[in-house]
Structures are given as structure tokens and as C-alpha cells.
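Taking it in order: structure first as C-alpha cells, then the write-up.
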Amino acid sequence: MGIVKIILTLVLFLGVIYALNKKLSPAITLTMFGFLAIFIGGLLNGYQVLGEETTGNLVFDIFEYFRASAVVSTISKMGIRIMSILTYVAFMDHLKATKMFALLVSRPIMKMKNKYLLSGGVFLLTAALIIAIPNGTGRMAILIGTVYPVMLACGISKATGAVAIFAGAMYSWGPANPKIPTAASYMGIEVNMADYFLKTEWMWDILAVVVGILIFVVTSKYFDKKEKAETGEGVYSGVTIESLGIPKWYALLPLIPIVLIIVFGGNIPGLPQLEIATVEFMSFFFVFLFITIISKDRKQAWNDGNLFFTSLGNSLGRIVGIIIGATTFGAGITALGGIDLILEPVLNMSASNAGVFILITSVLAIIVGVVSASDYVANSVLGPVYTAYATSANLNVNAFLLLSVNAVQMCIALTPATAHVALISEGSGVPINTIIKRASLPILSSIIVYIIGAMVMA
């Protein structure tokens, strides 16, 4: 029966990849495959997706889970954050503020002869911005609306620009990284975040990002040439600052949420900490009112405010629907039980060879992360194993956090069933498979750095 569960798990995952290659809707594909997986898991394992709150009927449980956890919970947490960001981005596009920002900022940058160094700089910026914006999807959505247009205006290809932001957002580091306490809780340990960062993590973070950028620059050049990728300049062909017909100060409008997120992100003592969605909504309405007041056609400007609601709906259908589907699919993969069986070989490994243990668990964690489209699934199983192994072998348990916090986290860049890649694909117009293909080598090279780091620090 065990081998059947593993085969079913892999078949469903490959089925999703096949469907996406055939350009079928990601949202409905992930949702329907998730329903199927939960149903099969319930029949094979007696798995109850609602736990103690079961209705007593498997079919009813599936749809109750879909309502409460996949839809309501997703929209109220991650979904509303993404919807708010994309709504403001849409408003900036409507005002032509995004194009003004891109044209003005790209003027001095276009003097750079090597555009790939610029894309590498954006990669670094995205990775570093975790200090101010810890949420990866939040960072990506903001940069797609501000930095990405600048990259296109500078002549960088759509795919290279999209992957620079996508791959850069996969790094999870820093003394305030929320992934650290989460991973530590799975391992059953307490950790001083600042102490861990200074004594264990920082050197490997720098090395991982540098290696990732170098691989990204080299592979981007290769893929652009191989795919004969068109530069982004075509998007702004014939567009001049004068032809936009708006004041230059409009270029400041796309930056307002970024500034407010940094100011009210909990980094400045004495100021309240606001959610990203709160800041985005506040920015929209203040800018909307100001534009309405100064507009010559105030009635039209006022009615343009309805863009707020239409954009919320559009982002729900284009992006959040995929997240809902991915959540359902993840629950289905868990229900099948194949993931636990894939990880089973490492649960009772001896403490004779730490290097082999770290390597094997890392490879399995990556496989599980890719198939389940989640870093939490692998960490929830491997966390206690890491702690038990470190204790029995008298190793530095914090070294295993490098795997949980960083290496396992980054594996979600290698799967098509996440909000991250869906967001970047929709925002840039670059196919999901193209993004994953281009991002895989930079991400895998950085994962290898963290694996080596765990071996050294243990």
C-alpha cells in the first residue's frame, strides 16, 4: 500500500505539471487535483481533512475545508495582502504614474552597458528588502509594480526581469526573519534570533546570495540568447515623458506604499505597526482623493475610483484563485500520505555520518517541498528528526536551522503550484514554466551553499 501512495502522490504532481504545460487554468487545475487527492486520501487512509470538526461525511468535509481553509482563510490572510497591492498597482497604471516612474528612473540607468549587472542588482535588492518587507509575495508584488517597469524600459527582457524579482524573493534571512521561530518550533527548540543570525547564518546568507546572483547573470544571458528573448524596450516604444501628458511628480506616487510600509513596518519605535493591506488601502484612497481634487474633470476622476473594486475582483480571479487552488492541492498531497513515506528512510538513520545525513535529508526535503508546494510539510516531519539527530551525535543543533529556514524554504521556487510564481507570471506575462526553468539553477546553487553551511557549522 505504501508504494501505491507514493505513486499516486507523484502521478498527481506530474498531472499538475502536464496540465500547466497544456496551458490549462492553474487555479482550477490545482483545485480539482486537490479535491481528488483529499478524496483518495480519505478512502485509503481514513484521513479527515477537518480533523475533529469532521461532518462525518468525506464529500461534505472536502467542501467545508475548501470554504473555511482554502477560500476564507486564504483571502483573509495572504489573499487580501496581494489583492491590495495589485489594486494600487492597477491604479498607478491607470494614472500612467508607473510609466512616468519607469521613464524617469531608467534615464540614468540606461547608460549602463551591461544590463545583466542591473538585473543582478535587482536580484540583490529583492533579497535585501526582506529587512523592511518580510513577506515574499508582498515584496514581489510591490517590485513588479515599480522596479519591473524600470527594468523593461532599460532594455532587460521580460523573463530576466521577472526571474530577478522571483528568485531574489526566495531568500529568507536576517535577525527578524519570521521563518526562524517557525522552524525552531518544528524542531522543538528555542533560539535567540539575533544570536543565531550573528553566529551561524550571516556568512552563509551572503555567500548564497552572491552565488545565486552570479549563476543568475550567467544563465540569464544564455537563456536570452537561446530563446531570442525580446527586450522590454518594446513596451515603451514611442512613449516619451511628454507624450504621457501628466506632471513628472506623478512618478512619486508608486513609491508611497513602499515608504509607508517601511515607516509603519515596526522598524521605528513609537509608531504603530500596520499591515501591508492597510497601508495599500490607505495609499489608494489618499492618492485617489488628491487626484480627484486637482483634476479638471472631477466627475470622471471620482468615478475612476471604482477601479478599486474592479481591481480587487481581477486580482482575486487571476492570483488569489491560484493560491486557493495551491492550498487545496497541498492538503490533498498531505492526505495521500505519500510524503511521509518518502521521508521515512531518514527517520531512524544512525549518527555515524553527519554529512551523509544532511545531504540525504536535504534532497528528500527538496523533493517533498516541490511535490507538496510547501516548505512546512517537510519541516514538520524533519524538524524533530534534526533535533534528535543533533542531540545523539552531539552536533550544533542551530546548524540544522540553516536547512529548515533557508534550504527547505527555497525549494518552493522549483514548483509551479505556489502563489509566488503565479504572482510573478501574472504580473510579468512570463509563463510559469519559463520562470521556474530560469530560476532553478540560481536557487539550487544557493541551496547547495546552505547545505555545505550546515555541514560546516554542525
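With the working numbering applied, the sequence shown covers 409 to 866.
Yeah, the Cβ is synthetic: ideal placement off N, Cα and C, and Gly gets one too.
Quick caveat, the model's predicted, so the values are computed rather than measured.
- CA-to-CA, the gap between residue 445 and residue 667 works out to about 43 Å.
- At least 7 Å separates the beta-carbon of residue 744 from that of residue 466.
- DSSP, read as helix, strand or coil, puts residue 565 in strand.
- Taking every protein chain shown into account, the CB of residue 828 has 16 or more other CB atoms within 10 angstroms, so this residue is buried.
- With 16 or more other Cβ atoms inside 10 Å of its own Cβ, residue 547 counts as buried.
- Between residue 770 and residue 859, the gap from beta carbon to beta carbon is short of 7 Å.
- Between residue 561 and residue 511 the beta-carbon gap is near 6 Å, inside 8 Å, which marks them as a contact.
- Short of 6 Å from the beta carbon of residue 674, and not among the five residues preceding or following it, lie these beta carbons of its own chain, in chain order: 681.
- When the Cα atoms are used, residue 617 and residue 448 turn out to be separated by approximately 41 Å.
- Residue nearest to residue 518 within the set 721, 539, 848 and 557 is 557 (criterion: CA-CA distance).
- Three or more Cβ pairs closer than 8 Å define a contact, and the stretch 479-492 meets that threshold against the stretch 716-736.
- By the Cβ-count criterion, residue 846 is buried, with 16 or more other Cβ atoms from all chains shown falling within 10 Å of its own Cβ.
- Per DSSP, the continuous alpha helix (DSSP H) segment holding residue 708 begins and ends at 706-711.
- With a cutoff of 7 Å on beta-carbon distance, residue 629 and residue 524 are scored as near each other.
- At a cut-off of 4 residues, the continuous stretches assigned as alpha helix (DSSP H) that sit fully inside the stretch 651-714 are 664-671, 684-702 and 706-711.
- A Cβ-Cβ contact shorter than 7 Å links residue 604 with residue 806.
- The Cβ atoms of residue 534 and residue 662 do not sit closer than 7 Å to each other.
- Straight across, the Cα-Cα distance linking residue 576 with residue 464 is about 45 Å.
- Between the stretch 806-817 and the stretch 788-796 there are three or more C-beta pairs closer than 8 Å, enough to call the two in contact.
- Between residue 491 and residue 720, the CB-CB gap stays under 7 Å.
- In this structure, residue 650 sits away from residue 496, with a CB-CB distance that is not shorter than 7 Å.
- For residue 480, the closest of 776, 824, 606 and 735 by C-alpha to C-alpha distance is 735.
- For residue 454, same chain residues with a beta-carbon under 6 Å away, outside a window of 5 residues either side, do not exist.
- If one requires a minimum length of 4 residues, the alpha helix (DSSP H) runs lying completely within the stretch 562-617 are 566-576, 587-595 and 601-604, in chain order.
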